[in-house]
Amino acid sequence: MLSLALLVAPVALTSCVTAKRYDDLQARQQTEAQARTAAEAQTRQAKADLQKANDALAELRLDQKRLINDSTQTGNALRRTRVLYTQLTDSYDKLLKNSDRALADRNNDYGKLAKDLATREAELGALDVSLQKSKAELATREAKLTELTQALADKDKAVNDLKARVSKALLSFNSSDLQVKLKDGKVYVSLSEQLLFKSGSTKVDPKGQEALKKLATVLQEQKDVNVVVEGHTDNVPMRPTGGIQDNWDLSALRATDIARLLTSAGVEPSRITASGRSQYVPVAANDTPQNKAINRRTEIILTPKLDELFQILDGNSGAKNGK
């Protein structure tokens with residue numbers, strides 16, 4: 001009996017322990033199930049809340065898109081405002097970081113800019129004054145150029161008229177003995193030795209005197225013409241005779257005698273210049289008798305006075321008219 005009791009006692013004890021554990025396990029499972037149920041409920045609620053939030057966000061985005069689409073100008077203004085806001089924020093941050101230094105530097109910059117601006121304005125003022133002066137000078141030069149051009153045209157016309165008058169007055173003389181031509185704005189009257197002088201003589205022959213008197217008649221009417229008489233010889237040396245030593249003397253004395261004749265015929269002496277050029281300004285090679293005869297000549301060079309032109313160049317063109 002005792003042995004049976006000892007065997008039954010452990011079995012009964014084991015059964016009690018197992019039932020308790022089972023109850024505890026079952027209770028724990030219920031607790032976990034409740035917790036899981038609660039967590040699932042919370043998850044569903046969180047998902048529902050999230051869905052509502054997403055729906056609300058989508059609605060807000062849709063509203064925002066509508067507002068943007070319906071009000072482009074407002075959107076542009078908003079963007080500009082944001083840009084300005086960003087710029088102002090950046091400027092404000094920079095000023096906060098180094099306000100004193102930035103202000104001092106800015107003031108210095110403003111001072112430099114103001115000084116540069118004043119300098120530039122002064123330079124601009126001076127440049128404007130210079131420009132106005134240049135314009136005035138240009139206008140004066142243009143007026144002077146116009147006046148000078150007209151004076152040159154008048155001078156050319158006067159020279160051509162003078163040539164025509166001289167040519168007409170001397171038309172009766174042989175062209176081989178007397179030629180009238182224009183050169184360098186002057187009228188050249190070239191007279192051969194045959195027309196004016198005998199060989200070695202310094203006195204003008206009667207036929208030559210007739211030509212000079214006709215020329216003097218024209219020159220009396222042309223009082224603004226200067227007269228240069230140039231005597232020329234060939235390269236044959238002059239034999240000393242009387243007061244003539246060489247070709248220099250011969251050319252100079254011939255020019256002087258012609259000058260006297262023009263003066264006697266009424267041309268003012270102050271307008272006449274006599275010069276001897278000897279053999280040193282030939283118009284042909286002294287290699288044949290014909291060419292030597294061509295070189296033995298007297299040239300009377302008629303030059304209109306250029307006083308008016310010089311006055312224009314000197315800026316005193318009004319002096320002649322008493323201005």
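In full-length UniProt numbering, the protein residues as written are 1 to 323.
Where is the CB? At the ideal position from N, CA and C, for every residue including glycine.
Check                                                                                                                          : Outcome
DSSP has A274 in a bridge; who is on the other side?                                                                           : V229
Does the beta-carbon distance from L195 to G208 come in below 8 Å?                                                             : yes
From S201 to V228, what distance separates their C-alpha atoms?                                                                : 21 Å
Could you please give the first and the last residue of the uninterrupted beta strand (DSSP E) stretch that includes S175?     : Segment: none, S175 is in no beta strand (DSSP E) and carries neither H nor E.
Rounded to the nearest angstrom, how far is the Cβ of V187 from that of L162, given a contact under 8 Å?                       : 5 Å
Have a look at V225 and R271 and give me their C-alpha separation to the nearest angstrom.                                     : 7 Å
Determine the burial state of R297: buried for a count of at least 16 other Cβ atoms within 10 Å of its Cβ, exposed for fewer. : buried
Quick one: give me the first and last residue of the alpha helix (DSSP H) that R260 is part of.                                : N247 to S264
Using a 10 Å radius around the Cβ and a threshold of 16 neighbouring Cβ atoms, would you call D55 buried or exposed?           : exposed
Verify the contact flag: K203, CB atom, against every heavy atom of the ligand FMN, threshold strictly below 7 Å.              : The model depicted lacks the ligand FMN and carries no ligand whatsoever.
Just curious, the beta strand (DSSP E) that K207 is in, first and last residue?                                                : Element bounds for K207: not the beta strand (DSSP E) but the alpha helix (DSSP H), P206 to E221.
Can you give me the C-alpha to C-alpha distance between V8 and R21, rounded to a whole angstrom?                               : At V8 the pLDDT is 49, less than 50, meaning the model places this residue with poor confidence and gives no usable figure here.
How many whole angstroms separate the CB atoms of D234 and Q279, which I take to be in contact at a CB cut-off of 8 Å?         : 6 Å
Inspect the beta-carbon positions of H232 and N291 and report whether they are closer than 8 Å.                                : no
Just verifying my parser: in three-state terms, what is the DSSP assignment at T288?                                           : coil
For S251, which of K305, A265 and P282 has the nearest alpha-carbon?                                                           : P282
Would you mind stating whether V180 and L191 have Cβ atoms separated by less than 8 Å?                                         : no
Would DSSP call P304 helix, strand or coil?                                                                                    : strand
Under three-state DSSP, which class holds L127?                                                                                : helix
Which stretch, first to last residue, makes up the beta strand (DSSP E) that contains residue 336?                             : The requested residue 336 is not part of the displayed model; the chain covers only 1 to 323.
Are A158 and P304 closer than 8 Å when you measure CB to CB?                                                                   : yes
Taking the C-alpha atoms as reference points, what is the distance between L6 and Q30?                                         : Reliability fails at L6, whose pLDDT of 49 lies under 50, so the model's placement of it is uncertain and the value that follows must be treated cautiously. Going by the C-alpha atoms only, they are around 37 Å apart.
On a Cα-Cα basis, can you pick out the residue from L215, K135, V236 and Q87 that is closest to T288?                          : V236
What does a CB cutoff of less than 8 Å around A255 pick up in its chain, not counting 5 residues either side in sequence?      : V229, E230, G231, A274, S275, G276 and T298
DSSP beta-bridge partners for K94?                                                                                             : DSSP output for K94 lists no bridge partner at all.
What's the gap between the Cα of Y92 and the Cα of T86?                                                                        : 10 Å
Roughly how many whole angstroms lie between the Cα atoms of A319 and D246?                                                    : For A319, the predicted structure reports a pLDDT of 44, less than 50, and the residue's modelled location is therefore unreliable. A value from the coordinates is still provided. For A319 and D246, the distance between alpha carbons rounds to 48 Å.
To the nearest angstrom, how far is the alpha carbon of K133 from that of E210?                                                : 59 Å
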